[in-house]
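Here the structure is laid out as structure tokens; the discussion comes afterwards.
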Amino acid sequence: MSILDHWSHPTSPPRPIQKLGLEWAEQQKAKYLIMEAPVGCGKSHIGMTLSRYLTPALGNSFILTPQRILQEQYENSFPLRALRTLYGKSNYVCNPKNTTCDVGSLVKPACKNCPQANARRAAIASSNVVFNYKIALLHFAFLSTFGPRSLMILDECHNTEEMLCEFDAIPISDWRCKRYGIRWKKCSTIPEAQKWVQDTYIPRLDDVLADMKEECEERIEEYKDRSVPPQLAKRIREFKSLSEHFDSVCEFNGMDTLEQYFVLVHDVHSFKFKRLKAAWSFKSILEPKADRFLFMSSTILNYKGYCMDLGIDPDEAAFISLQSEFEPKNRPVYFSPQAKMNAKWNTDENAQGRKRLLDTVVKLLGVHNVHSGIIHTGNFAIAVWLTKELPKLQKTHQIMHHNPDSGDDRNEVINAFTDAKKPTVLISPSITEGLDLYEDRSRFAIFCKTPYPYLGDQWIKARLNLSQEWYSRQALIQIIQGSGRIVRSKDDWGNTYILDISWGFLQSQTNHMIPQWWKNAYGRLE
Numbered sequence: 001m002s003i004l005d006h007w008s009h010p011t012s013p014p015r016p017i018q019k020l021g022l023e024w025a026e027q028q029k030a031k032y033l034i035m036e037a038p039v040g041c042g043k044s045h046i047g048m049t050l051s052r053y054l055t056p057a058l059g060n061s062f063i064l065t066p067q068r069i070l071q072e073q074y075e076n077s078f079p080l081r082a083l084r085t086l087y088g089k090s091n092y093v094c095n096p097k098n099t100t101c102d103v104g105s106l107v108k109p110a111c112k113n114c115p116q117a118n119a120r121r122a123a124i125a126s127s128n129v130v131f132n133y134k135i136a137l138l139h140f141a142f143l144s145t146f147g148p149r150s151l152m153i154l155d156e157c158h159n160t161e162e163m164l165c166e167f168d169a170i171p172i173s174d175w176r177c178k179r180y181g182i183r184w185k186k187c188s189t190i191p192e193a194q195k196w197v198q199d200t201y202i203p204r205l206d207d208v209l210a211d212m213k214e215e216c217e218e219r220i221e222e223y224k225d226r227s228v229p230p231q232l233a234k235r236i237r238e239f240k241s242l243s244e245h246f247d248s249v250c251e252f253n254g255m256d257t258l259e260q261y262f263v264l265v266h267d268v269h270s271f272k273f274k275r276l277k278a279a280w281s282f283k284s285i286l287e288p289k290a291d292r293f294l295f296m297s298s299t300i301l302n303y304k305g306y307c308m309d310l311g312i313d314p315d316e317a318a319f320i321s322l323q324s325e326f327e328p329k330n331r332p333v334y335f336s337p338q339a340k341m342n343a344k345w346n347t348d349e350n351a352q353g354r355k356r357l358l359d360t361v362v363k364l365l366g367v368h369n370v371h372s373g374i375i376h377t378g379n380f381a382i383a384v385w386l387t388k389e390l391p392k393l394q395k396t397h398q399i400m401h402h403n404p405d406s407g408d409d410r411n412e413v414i415n416a417f418t419d420a421k422k423p424t425v426l427i428s429p430s431i432t433e434g435l436d437l438y439e440d441r442s443r444f445a446i447f448c449k450t451p452y453p454y455l456g457d458q459w460i461k462a463r464l465n466l467s468q469e470w471y472s473r474q475a476l477i478q479i480i481q482g483s484g485r486i487v488r489s490k491d492d493w494g495n496t497y498i499l500d501i502s503w504g505f506l507q508s509q510t511n512h513m514i515p516q517w518w519k520n521a522y523g524r525l526e
């Protein structure tokens, strides 16, 4: 039987782009299959069909996604007999104790019908399991819940390196120190941080945890067989979180090789031990859990570079870049250089450039005077500038933002934007991914700054020192991902505008990486 005989959709046949991807996968013998697939390709059915082909009947796979909304999309696309999802304990309600299962599981007696335990058993028995990356890594690294499977599917896999490097990162903040009576010390090197952690931080946390443990155990016993009040639930969560943090700090601080493999990411208020590269975590945590791997994203860009990020031998990988089924005329990307929005964007010598850019934004809002849209700013400084200046110069659009001084919650602002009934523009440095702004939710996207990663982050700086190609690739990922927020189906449409002169340099450096489907929609607008 061919792979198409295992097609996972019960009523609709595979589209040509899906057939191409599946027939390519069928021909490959490589352990690592890397598929660059733009929005609308139907990646979930490609992955599920490959799972069913490798293990006939219902398949045998782990599916990792970065966001809950993507887990829910899998849930809604496939029947329970084919796929189950597993969330963290805090996502399940413990009705007998009137709390969530992360707290309820610590309060005796154990519930006879625990929803989280039921979900875990269903996931173990299911042919295909969907997790977010963090929950998958927790189970694979620390628990023996799941044995190896035939296939691991890594969805939105351009996030995998960051997910792996953040998974066992150890953050320490002045906020936590203040809360537990520890004198905070700003550290800028790993040896300095290790010494302070060993001499000051660990001993004090040890005392705090001993007191909290005694307090929580007494109160848990008091509420045995009863509903747990919210304040106690909050205290139990705090104790559990602090205990896990303490164990991680103790384990890491004893590592002799910490300085060799980790970076200290630090600012005035915190520092964090973070792995420099993801290879160790991929090889030790993910690779033992599957025979083969399918990586899927619309922004692989350089598959050999991507392989090296994860410690994969490119000779053991196969790569395909699928074309978009969306007409280029429905998703144009216009480069209209107005100002060089680099670190000197706000200097006096760039005043004319800033004015040109601002005037162009106002002009574009006039062109789209009946449409809602988004503005990608790259950082909060530019977002603050725009939210201050635009209301003076245009009246067509309501302005929404989540700048730090606003006190507004980012997710609440995004929800308000998607629910807006009149033309609205959302200004933000952090909306290039994760938003599904279909149809009239957004008809345009404006890039005011080329979104290079922030070099004030020591991890970013260290990765740049290892590879300029990596640094450029991350900026290109954000451009392509950000333009993809506004055109979500074949019948959808939206315009993207890039106003930063710096994009011209990035494009010249990365043109060989840019997928052809994106180039087909790209043009210059003078």
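Numbering (UniProt numbering), first residue to last: 1 to 526. We put the beta carbon where it would ideally sit given N, CA and C, even for glycine.
- From the listed residues Q394, G373, G378, E325, the smallest Cα separation to L358 is found for Q394.
- Scanning its chain for C-beta atoms nearer than 8 Å, with the 5 sequence neighbours on each side dropped, one finds around C187 the residues A193, W196, L264, H266, F271, in chain order.
- The beta-carbon distance between P451 and A475, rounded to whole angstroms, is 6 Å. This is short enough to meet the 8 Å contact definition.
- In this structure, K340 keeps its C-beta atom at 7 Å or more from the C-beta atom of I124.
- Nearest to E156 by alpha-carbon distance, out of A37, D409, A290, is A37.
- Take I320, set aside five residues on each side of it, and the residues of its chain with a beta-carbon closer than 6 Å to its own are W24, M35, in chain order.
- Of the residues assessed, S126 falls on the buried side of the cut-off, its CB having 16 or more other CB atoms within 10 angstroms.
- A distance of 7 Å or more separates the beta carbons of I170 and V268.
- In the displayed model, R176 falls within a helix according to three-state DSSP.
- Collapsing the DSSP output to three states places A82 in coil.
- For A318, the enclosing beta strand (DSSP E) has its first and last residue at 317 to 321.
- Around the beta carbon of G373, a 10 Å sphere encloses 16 or more other beta carbons of the protein chains shown; the residue is thus reported as buried.
- Here E327 carries a coil assignment [DSSP, helix/strand/coil].
- Taking C-beta separations shorter than 7 Å and ignoring five residues to either side along the sequence, the partners of I399 in its chain run T387, L390, P391, V425, I427, following chain order.
- Take the alpha-carbon of C101 and the one of K304: they are about 42 Å apart.
- The DSSP assignment places complete beta strand (DSSP E) segments of no fewer than 3 residues inside the region 125 to 174 at 128 to 132, 149 to 155, 170 to 173, in order along the chain.
- Within the UniProt domain "ATP-dependent helicase C-terminal" (380 to 503), the complete beta strand (DSSP E) runs of at least 3 residues fall at 398 to 401, 424 to 428, 444 to 447, 495 to 500.
- DSSP links I63 through a beta bridge to V130, I153.
- If only complete runs of 3 or more residues are kept, the region 334 to 377 shows the beta strand (DSSP E) at 373 to 376, in order along the chain.
- Take R235, set aside five residues on each side of it, and the residues of its chain with a beta-carbon closer than 7 Å to its own are C216, in chain order.
- Rounded to the nearest whole angstrom, the C-alpha separation of D291 and R149 is 7 Å.
- Across the structure, A122 and V130 are spaced so that their CA atoms are roughly 12 Å apart.
- Taking every protein chain shown into account, the CB of P191 has fewer than 16 other CB atoms within 10 angstroms, so this residue is exposed.
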